[in-house]
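Here the sequence shown is numbered in the working numbering, starting from 1164 and rising by one per residue.
Here a beta-carbon is modelled for each residue, glycine too, at the ideal position from N, C-alpha and C.
The model shown is predicted, which means the values in this text are computed figures rather than measured ones.
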Amino acid sequence: MDRMQAKKAENADRSLVDLVFSWSLRDVLSKDLYRNKVRKIPDTFLSTSHYLTSFIDPLIEETHADLSSSMTTLAGAPICEVLSVKISKDYKPPRDLFYEISLKRLRDTANEAGIYEPEKGDLIAFTDVRPKCISDLDRPKRPYVIALVQGPQGETSNKLPILSSKPIECFEQRMEMDHKRETEADKKKETLFAVFLINMTTNIRIWNALCLGQERGNMSLIQKVLQSDSAAENTCTLCFSNPASVWDPITRPFNLNDSQQAAVSSCIAARKCDHQNSVKLIWGPPGTGKTKTVGTLLFVLFRMKCRTVTCAPTNIAVIEVTTRLVRLVRESIECGSYGLGDIVLFGNGERMKIDKHDDLLDVFLNFRINILAKCFAPLSGWKHSVESMISLLEDPEEMYEKCLKERGEKDDEDEEDDDEGEGEEEEGILRDEKLEINRGREGKIHPQYFKDVKEKKIWRNIIDQTLKKNKKKQQESVSSQENDQLKDDKGENEDELAQKKNNKMVASGKNDGLLTFQEFVKKRFDSTGEKLKFCIINLYTHLPTSFISIEVAKNMIKALGLLESIATLLHSSTVSFKRLKENICEFEDVGKAVDQFSKLHRNRQECLQILRCLHQTLPVPTIFLYDGIKNFCLCNASLIFCTASSSAKLHMAGMKPFELLVIDEAAQLKECESAIPLQLAGLRHAILVGDELQLPAMVKSKISTNAEFGRSLFERLVSLGHRKLLLNLQYRMHPSISLFPNQEFYNNRISDAPNVKERSYKRCFLQGDMYGSYSFINVAYGKEEQSNSHSTRNMVEVVAVSEIVAKLFKESVAKKQKVSVGVISPYNAQVFAIQEKLGKTYSTSTHSDFSVSVRSVDGFQGGEEDVIIISTVRSNLNGKVGFLSNRQRANVALTRARYYSL
1164 MDRMQAKKAE
1174 NADRSLVDLV
1184 FSWSLRDVLS
1194 KDLYRNKVRK
1204 IPDTFLSTSH
1214 YLTSFIDPLI
1224 EETHADLSSS
1234 MTTLAGAPIC
1244 EVLSVKISKD
1254 YKPPRDLFYE
1264 ISLKRLRDTA
1274 NEAGIYEPEK
1284 GDLIAFTDVR
1294 PKCISDLDRP
1304 KRPYVIALVQ
1314 GPQGETSNKL
1324 PILSSKPIEC
1334 FEQRMEMDHK
1344 RETEADKKKE
1354 TLFAVFLINM
1364 TTNIRIWNAL
1374 CLGQERGNMS
1384 LIQKVLQSDS
1394 AAENTCTLCF
1404 SNPASVWDPI
1414 TRPFNLNDSQ
1424 QAAVSSCIAA
1434 RKCDHQNSVK
1444 LIWGPPGTGK
1454 TKTVGTLLFV
1464 LFRMKCRTVT
1474 CAPTNIAVIE
1484 VTTRLVRLVR
1494 ESIECGSYGL
1504 GDIVLFGNGE
1514 RMKIDKHDDL
1524 LDVFLNFRIN
1534 ILAKCFAPLS
1544 GWKHSVESMI
1554 SLLEDPEEMY
1564 EKCLKERGEK
1574 DDEDEEDDDE
1584 GEGEEEEGIL
1594 RDEKLEINRG
1604 REGKIHPQYF
1614 KDVKEKKIWR
1624 NIIDQTLKKN
1634 KKKQQESVSS
1644 QENDQLKDDK
1654 GENEDELAQK
1664 KNNKMVASGK
1674 NDGLLTFQEF
1684 VKKRFDSTGE
1694 KLKFCIINLY
1704 THLPTSFISI
1714 EVAKNMIKAL
1724 GLLESIATLL
1734 HSSTVSFKRL
1744 KENICEFEDV
1754 GKAVDQFSKL
1764 HRNRQECLQI
1774 LRCLHQTLPV
1784 PTIFLYDGIK
1794 NFCLCNASLI
1804 FCTASSSAKL
1814 HMAGMKPFEL
1824 LVIDEAAQLK
1834 ECESAIPLQL
1844 AGLRHAILVG
1854 DELQLPAMVK
1864 SKISTNAEFG
1874 RSLFERLVSL
1884 GHRKLLLNLQ
1894 YRMHPSISLF
1904 PNQEFYNNRI
1914 SDAPNVKERS
1924 YKRCFLQGDM
1934 YGSYSFINVA
1944 YGKEEQSNSH
1954 STRNMVEVVA
1964 VSEIVAKLFK
1974 ESVAKKQKVS
1984 VGVISPYNAQ
1994 VFAIQEKLGK
2004 TYSTSTHSDF
2014 SVSVRSVDGF
2024 QGGEEDVIII
2034 STVRSNLNGK
2044 VGFLSNRQRA
2054 NVALTRARYY
2064 SL
């Protein structure tokens, strides 16, 4: 059955891709290709099939418009050079035209500005010229070929898998012929380029949700939103009994206002209902504490261990809501970082800029997989480390004797190899174990690491053989008889015995730096302890609480303290070798002195007891495959965070069912895209958080726009009269700023919180009558112009903005007043021009005394600053205001400022 579903999913993927492949360049450029096929998406639907199919034609048109738009900006499109094109093993014409390509210096130039590295889902065009216009792609004798990137380069290969729309052997043959001509006649070789057009990943995922939903998806919530159904918003009468009371102690520290508390309580009550499905809407106008409300709700769900998926339209929005929840959880944790294992954030780490969010690394899936892989490793992970430490603490003499014997057997090893491995075998770290520890950094785990258990022995033998290739024979070591004689020499302690052996080996040229017993114990304890501490900290951090109890976590933390104490005592300069040995080996006369030696003895005993207990009560999973660890993390997490598009990855066989879905910024998400998470297995309740009066989803096609393709599920349900849980108290804007948007957009339903009414909330940053809470500045002689990206800019306004920012900076320094400035423009070209003008003159860090953030209106949704400067750009005799005519964009732009809006 799973194979059949996988095959259907593959065919669904291909059906959209094949359709795009079928378009000629003329089709792509035609604005009317689907004009007569796209119908308006209805407000209500007759069935789930009617619902899903209603979005298909608008999705095709939107894909078509996106591709058409990319053709108009080819001159600035990302591009890379192709070195070779080879037929893949999966190549099966006429449909499965799979190839592998290699790109010029792809890895070497990854950090250079402007370098394009194709990603999975990228639609690329192959051409032998750098295209500057559309005609460069479709020359009569050398037409372009488009292809879809199937995945990233492999770990062990620089080949990039692609699916082509047409056979491209011609390119391969041409490149080979050019190479021959170059070598034979010293002629210049022709170059093949891969030009980025669009990324189809999200559209393919939506397509799958629409085409496969009936067969693989959970339709219970979809059925709930087909029509205006008052039951969808009502609390079940069988379950209603003051739901807030149980969770009041948890929410009380967050100081929620009445509307926020009502929203949280209503959602918790809905989750507890087993009798009916529900869809809740939380309406969060600007500044009303939407993020705080959602964070509190998720924290309660975290405490309830309610298996919840939280989605948002963009990576930025996902990062914001995850950061809020993780901060609340960290503040509430009683035992180290225990509990974070119940939270998973996943997605593209580069796009999420996860490296700039250190506080989220502990919940980021790729990072967690990497860490747990090391902890689960049989040769260097938890099991090996705890057993090694127990053995060392129980009988260090036996371990030392064993080490001496092993070193005697390895005296034929090369001196160079001894130097290279110095400190590893002495400290009890096998070379192949260290290789195992070092594999898999930067979130990518070396494929060799993930071998089947049966192959581990074979793999270890391969490494041993590789190491031996670099070894040369040494002179024979001291015979075992001589070694035994030294050990049996009575009246001499281990230091003296080791020194004698060293002296003899020096004389024979065989000194390999043998350690004294005391040095051995210290080094072995340090090396084993470091690995053990790494495993302890990361296991109680990254394992889900369903797998590790808080009692076990407390014991692990206690063991950490004891290990630190033992290490300190072992390295104490006052501890002589003889006393140290006696103390560790439990000689009967040790406990007579009440000093640090008896403390070492007690700590050792207690540490041994705890480690033995942990060894029995915490058998870590025997999972070594990457996908196995990933599934383990996803199936056992309580809260999972991702974009709505990425939630498609949760539609996998064996995934543990979910209970509840939360969509943040739901009004900014196309309804067809919300269908991806709405179909997740087990979901019975959904909570949509947003504001339909702020920005909607972006749609490029006018045809799709007219068909209501950009409308969100949140907006459609509101239009049908679905009840909203309104957050009605705003904490951001000075009353003189909030007055207009409250009247114009919210019918005076929003009240100003006490904090913004206080006299201290009014600020004066610039002197002059023209500067106030709202300032409208006429920029004379402004002129609209088109940039290379076909966006609009106004360079006179750019200068005006830079002068205002300079004045604000001067006043900030003079008055020693901390000021954050946001510059907003509805046009990307203006945003880039302002950023270029300001350069790096001002800090962008929110922790700076003076910071400046320049973004588009869309990029500023959810943001706020002390001062907002809005560059409208438009200046024409026709009175056209472009994007500013959109009420939703105007609402966002006018509600970002705390004190000044210019």
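- The alpha carbon of lysine 1194 has as its nearest neighbour, out of Ile1223, Val1180 and Ser1231, the alpha carbon of Ser1231.
- Boundaries of the beta strand (DSSP E) harbouring valine 1248: 1242-1250, taken from the DSSP string.
- When the alpha-carbon of glycine 2025 is set against those of Ala1943, Ala1829 and Leu1929, the nearest one is in Ala1829.
- Residue burial annotation: valine 1248 is buried, with at least 16 other C-beta atoms found within 10 angstroms of its C-beta.
- The C-alpha of asparagine 1991 is placed about 8 Å away from the C-alpha of arginine 2018.
- By DSSP's assignment, arginine 1302 forms a beta bridge with Arg1305.
- Proximity to leucine 1824 across Ile1264, His1848 and Pro1859 peaks at His1848, based on C-alpha coordinates.
- Contact check for isoleucine 1900 against serine 1936 passes: the beta carbons are separated by less than 8 Å.
- Looking at the DSSP output, serine 1500 sits in no beta bridge, so it has no partner there.
- When DSSP states are grouped into helix, strand and coil, aspartate 1558 belongs to the coil group.
- Annotated three-state conformation of serine 1809 is helix, per DSSP.
- Straight through space, the alpha carbons of glutamine 1949 and methionine 1958 are spaced by roughly 11 Å.
- Per the coordinates, the alpha-carbon of serine 1938 lies some 20 Å from the alpha-carbon of phenylalanine 2023.
- For the options Gln1993, Asn1420, Asn1366 and Lys1546, the alpha carbon positioned closest to that of glycine 1945 is the one of Gln1993.
- Excluding residues up to 5 positions away in sequence, Lys1203 and Ile1204 lie with their Cβ nearer than 7 Å to the Cβ of glutamate 1871 in the same chain.
- Shortest Cα-Cα distance from serine 1875 to any of Thr1454, Leu1444 and Asp2029 involves Leu1444.
- In this structure, the straight-line span from the alpha carbon of valine 1783 to that of valine 1492 is close to 24 Å.
- Shown here, histidine 1213 sits in a helix according to DSSP, grouped into three states.
- Annotation: serine 1709 is outside any alpha helix (DSSP H) and is labelled neither H nor E by DSSP.
- By the neighbour-count criterion, in which a residue is buried when 16 or more other Cβ atoms sit within 10 angstroms of its Cβ, glutamine 1424 is buried.
- For leucine 1781, there is no enclosing alpha helix (DSSP H), since its DSSP letter is neither H nor E.
- When DSSP assignments are scanned along the segment 1830-1880, the uninterrupted stretches of alpha helix (DSSP H) that are 4 or more residues long and fall wholly within it turn out to be 1834-1841 and 1865-1869.
- According to the DSSP secondary-structure assignment, glutamate 1263 is paired through a beta bridge with Lys1249 and Pro1324.
- DSSP places valine 1994 outside any beta strand (DSSP E); the residue lies instead in the alpha helix (DSSP H), whose first and last residues are 1991-2001.
- If you compare the alpha carbons of Cys1469, Ala1716 and Gly1884 with that of threonine 1780, the shortest gap goes to Ala1716.
- Taking a contact as a CB-CB distance under 8 Å, the pair isoleucine 1331 and tyrosine 1279 does not count as one, their CB atoms being some 19 Å apart.
- Annotation: tyrosine 2005 is outside any beta strand (DSSP E) and is labelled neither H nor E by DSSP.
- Beta-carbon to beta-carbon, isoleucine 1532 and lysine 1793 are separated by about 6 Å, close enough to satisfy the 8 Å threshold.
- With contacts defined by Cβ atoms closer than 8 Å, glycine 1458 and leucine 1890 do not form a contacting pair.
- DSSP places alanine 1288 within a strand segment (E or B) once states are collapsed to three.
- Residue pairing by DSSP leaves tyrosine 1197 without any beta bridge partner.
- Pairing valine 1942 with glutamate 1966 gives a Cβ-Cβ distance that is not under 8 Å.
- Non-local C-beta neighbours of alanine 1800 in its own chain, meaning closer than 7 Å and more than five positions away in sequence, comprise Asp1505, Ile1506, Val1507 and Pro1707, ordered along the chain.
- Assignment of isoleucine 1482 by DSSP, reduced to helix, strand and coil, places it in the helix class.
- When the beta-carbon positions are compared, lysine 1686 and leucine 1678 come within less than 8 Å of each other.
- Note on glutamate 1497: under 16 other CB atoms within 10 angstroms of its CB, so exposed under the neighbour-count rule.
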